[in-house]
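For the sequence shown, UniProt numbering assigns the number 1 to the initial residue and increments by one for each residue that follows.
Every residue, glycine too, gets a C-beta built ideally from N, C-alpha and C.
Notes for the one structure printed next.
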Amino acid sequence: MSKIGEYTEPRKADEKIQQLCNQVKDQVETKTGKEYKQFTAILYRTQVVAGKNFLIKVHAGGSEYLHIYAYQSSPKKGEIKTLLKRVEKHKEGDPLEPI
């Protein structure tokens with residue numbers, strides 16, 4: 001179990017994480033200037049803050065992988081908002097490590 005403020009260990013992505021990726025896909029495409037036909041969440045890590053930070057490894061087709069940093073506001077503060085914070089290009093074997 002991780003301490004408050006630390007990222008969890010990598011976990012296999014599930015349907016909830018894929019839905020989060022789908023929510024930020026347009027933002028990722030705008031930021032990278034590319035359109036992705038494949039956009040599949042593979043692994044993820046979370047960090048509890050005033051809401052939750054997500055670090056997600058996404059398979060973007062062929063040999064292209066992305067590490068996506070996203071933030072989701074706390075549901076206690078009303079509507080949940082999901083924002084893209086950062087996108088990095090990576091290879092399949094690159095570890096999912098926060099910067």
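Tell me the DSSP secondary structure of residue i in three-state form.
i, result
"residue 8", "coil"
"residue 85", "strand"
"residue 47", "strand"
"residue 38", "coil"
"residue 55", "strand"
"residue 96", "coil"
For residue i versus residue j, is the C-beta distance shorter than 7 Å?
i, j, result
"residue 46", "residue 59", "no"
"residue 55", "residue 71", "no"
"residue 81", "residue 73", "yes"
"residue 27", "residue 61", "no"
"residue 96", "residue 20", "no"
"residue 98", "residue 36", "no"
"residue 12", "residue 87", "no"
Keeping to the same chain, check which residues put their C-beta closer than 6 Å to that of residue i; ignore five residues upstream and five downstream.
i, result
"residue 92", "65"
Taking just the CA atoms, how far does residue j sit from residue i?
i, j, result
"residue 16", "residue 23", "11 Å"
"residue 94", "residue 48", "24 Å"
"residue 90", "residue 9", "19 Å"
"residue 67", "residue 5", "19 Å"
"residue 53", "residue 14", "16 Å"
"residue 33", "residue 3", "36 Å"
Can you find the residues in the same chain that come closer than 7 Å, C-beta to C-beta, to residue i, ignoring five residues on each side of it along the sequence?
i, result
"residue 51", "71, 72, 73 and 74"
"residue 83", "70 and 71"
Apart from the five residues on each side of it in sequence, which residues of its chain come closer than 8 Å, Cβ to Cβ, to residue i?
i, result
"residue 29", "35 and 36"
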